[in-house]
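Undergrad: Those protein sequences? They're chains F and S, same order as listed. The end of the first sequence is residue 118 by my numbering, with every number in the run present. The end of the second sequence is residue 633 by my numbering, with every number in the run present. Built from N, CA and C at the ideal position, the CB exists for glycine as well.
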Amino acid sequence: DTGVSQDPRHKITKRGQNVTFRCDPISEHNRLYWYRQTLGQGPEFLTYFQNEAQLEKSRLLSDRFSAERPKGSFSTLEIQRTEQGDSAMYLCASSYTRTSGGTDTQYFGPGTRLTVL
Amino acid sequence: SQKIEQNSEALNIQEGKTATLTCNYTNYSPAYLQWYRQDPGRGPVFLLLIRENEKEKRKERLKVTFDTTLKQSLFHITASQPADSATYLCALGQGQNFVFGPGTRLSVLP
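1. If contact is defined by three or more beta carbon pairs under 8 Å, each pair taking one atom from either stretch, is the region 595–610 of chain S in contact with the region 536–548 of chain S?
2. Between which two residues does the beta strand (DSSP E) containing threonine 21 of chain F stretch?
3. Taking buried to mean at least 16 other C-beta atoms within 10 Å of its own C-beta, is glycine 4 of chain F buried or exposed?
4. Would alanine 68 of chain F pass as an interface residue toward chain S - the criterion being a Cβ-Cβ separation below 9 Å?
5. Please check the pair tyrosine 555 of chain S and isoleucine 573 of chain S, which I expect to be a contact at CB under 8 Å, by giving their CB distance rounded to whole angstroms.
6. Please go through the region 537–573 of chain S and give each complete beta strand (DSSP E) segment of 3 or more residues, from N-terminal end onward.
7. Going by CA-CA distance only, name the one from F/Ser96, F/Thr106 and F/Ile80 that's closest to threonine 116 of chain F.
8. Rounded to the nearest angstrom, what separates glutamine 557 of chain S and leucine 571 of chain S at their Cα positions?
9. Phenylalanine 109 of chain F CB to nearest chain S CB: under 9 Å?
10. Going by DSSP, what residue range makes up the beta strand (DSSP E) through aspartate 590 of chain S?
11. Which word fits leucine 92 of chain F, buried or exposed, when buried means at least 16 other C-beta atoms lie within 10 angstroms of its C-beta?
12. Excluding five sequence neighbours on each side, which residues of the same chain lie with their C-beta closer than 7 Å to the C-beta of proline 633 of chain S?
13. Which first and last residues belong to the beta strand (DSSP E) in which asparagine 620 of chain S is found?
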């Protein structure tokens with residue numbers, strides 16, 4: 002399967018613990034995005050990478066959140082000191098864009114559902 | 524303030540009818556608009572993209588219109604089938620920035 006994959010699919014953790022999620026994008030895609038989605042809402046943008054560079058971060062991304070894409074391939078999203086309000090589906094998407102400012106069709110992974118008790 | 528609204532939270536229609544979903548926005552100037560389908564527990568799947576200078580786009584049973592004066596996009600599914608039941612999301616795009624609407628949950632009844 003050559004689509005976007007995410008691991009784990011589900012994560013249950015206790016408040017205050019750290020969690021890390023992984024995303025493997027479609028191999029030739031140069032852009033990688035992280036979103037958060039809560040029930041009944043559309044995905045909310047968190048951050049995106051062009052190759053290994055993190056180019057934009059949403060104000061939603063507090064200091065407890067950090068994302069990396071060290072070699073421009075897979076990415077990790079870490080949440081430190083989790084809170085109950087962090088419970089959500091975390092979606093990763095990737096795309097290929099030739100030029101800056103071009104349109105961007107994003108291909109989403111299945112998501113990681115986080116539950117913070 | 525900026526806002527994206529998608530008609531109702533849920534829409535029920537009879538099989539074979541045309542489903543029409545709306546996406547209205549305020550205080551945005553998108554260069555393009557996309558529609559995605561999302562099934563429960565899964566990530567969104569891209570369906571169609573329409574640019575600001577295009578009025579209409581079609582793909583099989585799907586049709587999208589984009590009116591930048593009304594700040595509205597309409598998404599039509601003709602000859603709807605129970606397999607079309609899902610949540611449909613519109614997303615406004617300006618370059619690499621994306622903002623999603625809340626989605627409309629469509630149920631096609633046999």
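TA: Well, looking at it:
1. With a cut-off of 8 Å on Cβ pairs, the region 536–548 of chain S is in contact with the region 595–610 of chain S, counting three or more such pairs.
2. Sequence index remark: in the first sequence, residue 21 of chain F carries index 20 (1-based). That run of the beta strand (DSSP E) goes 20–25.
3. For the purposes of this step, residue 4 of chain F is identified with residue 3 of the first sequence, where counting begins at 1. Burial check for glycine 4 of chain F: the Cβ neighbour count within 10 Å stays below 16, so the residue is exposed.
4. Mapped onto the first sequence, residue 68 of chain F falls at position 67. So, not an interface residue.
5. Taking the first residue of the second sequence as position 1, residue 555 of chain S is located at position 32. Taking the first residue of the second sequence as position 1, residue 573 of chain S is located at position 50. Indeed, because the Cβ distance is near 7 Å, the residues count as touching under 8 Å.
6. Annotation: the region 537–573 of chain S contains the following complete segments of the beta strand (DSSP E) (minimum length 3 residues), in chain order: 542–549 and 555–561.
7. The residue labelled residue 116 of chain F in the question sits at position 115 within the first sequence. For threonine 116 of chain F, the nearest C-alpha among the options comes from F/Ile80.
8. For this step, residue 557 of chain S is matched to residue 34 along the second sequence. For this step, residue 571 of chain S is matched to residue 48 along the second sequence. If you draw a straight line from the Cα of glutamine 557 of chain S to the Cα of leucine 571 of chain S, it is about 6 Å long.
9. Looking up residue 109 of chain F in the first sequence gives position 108. At a cut-off of 9 Å, the C-beta of phenylalanine 109 of chain F has a neighbouring C-beta in chain S.
10. As a first step, residue 590 of chain S must be located in the second sequence, where it is residue number 67. The continuous beta strand (DSSP E) containing aspartate 590 of chain S extends over residues 585–590.
11. Mapped onto the first sequence, residue 92 of chain F falls at position 91. Flag for leucine 92 of chain F reads buried.
12. Stepping through the second sequence from its first residue, residue 633 of chain S is reached at position 110. Contacts found: Glu538 and Pro605.
13. Reading the second sequence from its first residue, position 97 is the one you call residue 620 of chain S. It spans 620–623 - the beta strand (DSSP E) in which asparagine 620 of chain S sits, taken as one unbroken run.
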